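Asks: Shown below is the structure under consideration.
There are 2 protein chains.
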Amino acid sequence: MKTSTLQDVARVANVSTATVSRSLSNPVVVSESTRRRVADAVKATGYRINHAARNLRTQRAHSVLVLLPDLANPFFSAILEGISRVLARQGYSMLIASTQHVHDSGERLIDYLDDARADGMIVLDGALETDVVEMLSSASQAERILFACEWVEDANFPSVRCENRTGTRIAVNHLYGLGHTKIAHITGPTGNVLGQIRKEAFVAELADLGLELKAEWIMTGDFTLAAGCLAAQEWIAMNDRPTAVFCASDQLAMGFIAELSRHDFKVPDHVSVMGFDDIDLAEQFIPPLTSIRQDRMMIGETAAKMLLARIVTPSEENLERATVLPVSLVIRESTSPP
Amino acid sequence: MKTSTLQDVARVANVSTATVSRSLSNPVVVSESTRRRVADAVKATGYRINHAARNLRTQRAHSVLVLLPDLANPFFSAILEGISRVLARQGYSMLIASTQHVHDSGERLIDYLDDARADGMIVLDGALETDVVEMLSSASQAERILFACEWVEDANFPSVRCENRTGTRIAVNHLYGLGHTKIAHITGPTGNVLGQIRKEAFVAELADLGLELKAEWIMTGDFTLAAGCLAAQEWIAMNDRPTAVFCASDQLAMGFIAELSRHDFKVPDHVSVMGFDDIDLAEQFIPPLTSIRQDRMMIGETAAKMLLARIVTPSEENLERATVLPVSLVIRESTSPP
DNA sequence: ACAAAATATGTAATCGATTACAAAAGTATC
DNA sequence: GATACTTTTGTAATCGATTACATATTTTGT
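Protein chains in written order, with numbering that gives the first Met the number 0: chain A, 0 to 337; chain B, 0 to 337.
Dropping the structure here:
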């Protein structure tokens, strides 16, 4: 059975297609009685709007592309949930692509916007290659691209992020407040903005507190479990072991703790460990992880709202360029006095 | 700068739009020289096909909807990765929606197919409400719906799944082979097909091996960490504790182990524990988890391929209705002789 | 009661690509 | 060189909704 079209509805309601269209998308300009007849006809015919037709005519795709570096990273799930929720409410669909695949297939990201597949783009990957970033920022559609969580320093895209600096300071102060004075840090990947900022804030806060910081206490990681394990081996090998470690991500912290426990070190008895992000698993981990909580659902919702605002009313220049969302300290059992 | 259209290309190449269109989508019918001229014109104009226009004319959305019960579940990530990879290769986009949101917003799932937003649907949620399932199966587009991993018993949708029965038997035999004779099981949620089948296979295999099975050794769970914790409390409270536990999911196993270790029981010293799925985290867990591995990437790829075959050549009735993919035993450190 | 304004509806062009059909150009065959 | 056939290209209709503009109808003001 073919689905019915505006024409069919118009025939049944005995009006023109223009009236049906108006009745559905802009009801106030249609008289009460006509509106009712159209509504009945819609019900009778089981009419569903054809998105392809509307998209062509209105030059809108009614969908947004979300770009992830890695679908498997649990950090993104709640963000997607938030984005999806807001988009669905506005009748928009959510397209997903991983930056990896796009690169593999030689496809250009900007094509999604240029060829009417998506009206906007939310990028969750700050590690885009330079040429990709340049291509995006020079594109005519650049104002429809928004970064969330991560961002690219040089480019001037709108973005949503959390208080990375403040979060880091809160973390360090939590450890300091417990009595720790020898505090180490496992960083994110070199070149990553988040890792960089958290590291800078860490160094700055230690300086403010007048705490010593040995060079070897800053261990380079990359947000992953595996990197956490390696860092643990470094820690074990140290002569003067820090009594607390602030990790740039929960996954790092988990890997660190896991490797320690394989070598019979206990957290927080031998060393206090903190993460950053407060992913779902942090609460279930053993020991439950003290972390800096980012409201990922909120990040997703905010990103989607900002982007939709730009898509729907692109003229207004009172548009937010960057939104910074608060973080909070979640104290669990992986930290204690030294 | 507006993007250029077929018309623009045609003008530059000095041919008709029909020729340009053919030159791009069906080059063999166009002469070598013309094809070259068109190619040059495309490059000169920076032409990009307009998907909305093509979709309208061809009655194809060139996209597939993937329905998840829960974006946050790490089990799905690799499946999405597999789906995405195959779709991208064929020029299809991947839309994502969660069954929860769709239900909340009162939207009907089938609308995605009816209103030209998607050409097909991959459903990763076997727990759809009955009315939704009925709506889907009675739809004209029902042949474009495919279930992956989970499925609905009564309905006759094509599906991709893994060897749940065989996997369960392998698991039980692994434990039996280590010398365990008192083996318990933590099930999936009541009513879930996967949980049901794994439970049945578990009971059957124990019977085949002639092993005793006390009623309390089958603990009802729901695939989550939390359920695993509860089951651990049950286990602790038992007089005659089983020496091995086969869990219907890795998350159950992790919750179970976590709760045990909070009560100073050690795995595998006090009890051997197995999971099912082999999610990424299983390898990093402490202890690393013995599990039944499903190749989730492969499940995703297979699902996407099957669905595309149905979309592209819907006539052929030599189409696979169900593909069952093999599983394998991954032995790590959570199991040992009693 | 009539003009002016406001409201409601219809007509038809439009978005940009695809494709049935027609026409033209080229090749082979005798 | 004429005929039949194949290959290549063009013309124009089409997909289904939206919307500028025109027209018809109702309301308002005096």
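Each residue gets a CB set at the ideal place from its N, CA and C atoms; glycine is no exception.
Remember, it's a predicted structure, so these values are computed and weren't measured experimentally.
For a test of the three-state rule: what should DSSP assign to Arg292/A, helix, strand or coil?
Replies: strand
Asks: Given a limit of 8 Å on CB to CB distance, which residues of the stretch 249 to 262 of chain B reach chain A?
Replies: Cβ contacts with chain A come from Met253, Gly254, Ala257, Ser260 and Arg261.
Asks: If the cut is a Cβ gap below 8 Å, which residues of chain B does Asn49/A touch?
Replies: Leu55, Asp114 and Ala115
Asks: Taking the C-alpha atoms as reference points, what is the distance between Leu259/B and Val244/B?
Replies: 12 Å
Asks: When DSSP builds the beta bridges, which residues end up paired with Ser327/A?
Replies: Arg292/A
Asks: Would you mind stating whether Asp277/A and Val329/A have Cβ atoms separated by less than 8 Å?
Replies: yes
Asks: Ignoring anything shorter than 3 residues or poking outside the stretch 224 to 297 of chain A, list the beta strand (DSSP E) runs there in chain order.
Replies: 243 to 246, 271 to 273 and 290 to 293
Asks: Which same chain residues end up closer than 7 Å to Val192/A when comparing Cβ atoms and leaving out the 5 residues on each side of it in sequence?
Replies: Gly125, Glu149, Trp150 and Glu152
Asks: Specify the secondary structure class of Val151/A as computed by DSSP and reduced to three states.
Replies: coil
Asks: Checking contacts by CB at 8 Å: is Asp110/A closer than that to chain B?
Replies: At least one chain B Cβ lies under 8 Å of Asp110/A.
Asks: Measuring only the C-alpha atoms, how far is Ile121/B from Arg309/A?
Replies: Going by the C-alpha atoms only, they are around 31 Å apart.
Asks: In the DSSP assignment, find the unbroken alpha helix (DSSP H) run with Gly90/A in it and report its ends.
Replies: Careful: Gly90/A lies outside any alpha helix (DSSP H) and carries neither H nor E.
Asks: Per DSSP, what kind of secondary structure is Ser22/A in: helix, strand or coil?
Replies: helix
Asks: Mapping DSSP to helix, strand and coil, what is Arg160/A?
Replies: strand
Asks: I'd like to know whether the C-beta of His100/A is nearer than 8 Å to at least one C-beta of chain B.
Replies: Yes - at least one Cβ of chain B is within 8 Å of the one on His100/A.
Asks: Starting from Val65/A, follow the beta strand (DSSP E) in both directions and report where the run begins and ends.
Replies: Ser62 to Leu67
Asks: Expressed to the nearest angstrom, what Euclidean distance is found between the alpha-carbon atoms of Cys228/A and Leu66/A?
Replies: 28 Å
Asks: Taking only beta-carbon atoms, is Ile121/B less than 8 Å away from chain A?
Replies: no
Asks: Please state whether DSSP places His50/B in a helix, a strand or coil.
Replies: helix
Asks: How far does the alpha helix (DSSP H) with Ala38/B in it reach, from first residue to last?
Replies: DSSP places Ala38/B inside the alpha helix (DSSP H), whose first and last residues are Glu31 to Thr44.
Asks: Along chain B, which residues have their Cβ under 9 Å away from the Cβ of Ile182/A?
Replies: Near Ile182/A there are no residues of chain B at all, since even the closest Cβ is about 24 Å away, more than 9 Å.
Asks: At 7 Å on the CB atoms, spell out the chain B contacts of Arg84/A, in chain order.
Replies: His100
Asks: Below 8 Å between beta carbons: does that hold for Thr189/A and Thr219/A?
Replies: yes
Asks: Taking Cβ positions, are Ile298/B and Leu324/B nearer each other than 8 Å?
Replies: Yes. Within cutoff.
Asks: Using the beta-carbon of each residue, which ones in chain B are nearer than 8 Å to Met93/A?
Replies: Leu94, Ile95 and Ala96
Asks: Using a Cβ-Cβ cut-off of less than 7 Å, list which residues of the stretch 61 to 78 of chain B approach chain A; keep chain order.
Replies: Listed by position, the residues of the stretch 61 to 78 of chain B near chain A (Cβ gap below 7 Å) are Leu70, Ala71, Pro73, Ser76 and Ala77.
Asks: Just tell me which of Asn163/B, Glu199/B and Ala147/B has its CA closest to the CA of Pro157/B.
Replies: Ala147/B
Asks: Cβ of Leu288/B less than 8 Å from any chain A Cβ?
Replies: no
Asks: How big is the Cα-Cα spacing for Gly166/B and Asn238/B?
Replies: 29 Å
Asks: Would you kindly check if the distance between the Cβ of Ser62/B and the Cβ of Ser92/B is under 8 Å?
Replies: Yes, the Cβ-Cβ distance between Ser92/B and Ser62/B is below 8 Å.
Asks: What residues from chain A crowd round Val80/B, counting only those whose CB sits closer than 8 Å?
Replies: Going by the sequence as given, residue 80/B is Glu instead of Val. Neighbours of Glu80/B on chain A, chain order: Leu70, Ala71 and Ser97.
Asks: Kindly list the residues whose CB is nearer than 7 Å to the CB of Leu174/A, restricted to its own chain and excluding five residues on each side of it in sequence; keep chain order.
Replies: Ile182, Ala243, Phe245, Ser271, Met273 and Thr334
Asks: Rounded to whole angstroms, what is the Cα-Cα separation between Gly119/A and Arg47/B?
Replies: Cα to Cα, the separation comes out at about 17 Å.
Asks: Sorted by chain position, which residues of the same chain lie with C-beta nearer than 6 Å to Arg320/B's C-beta, five sequence neighbours on each side aside?
Replies: Pro157
Asks: Quick one: does Ala230/A have its CB under 8 Å from some CB of chain B?
Replies: no
Asks: Regarding Val63/A and the ligand SAM, is the C-beta to nearest heavy atom distance less than 7 Å?
Replies: In the structure shown, the ligand SAM is absent, as is every other ligand, since no ligand is present at all.
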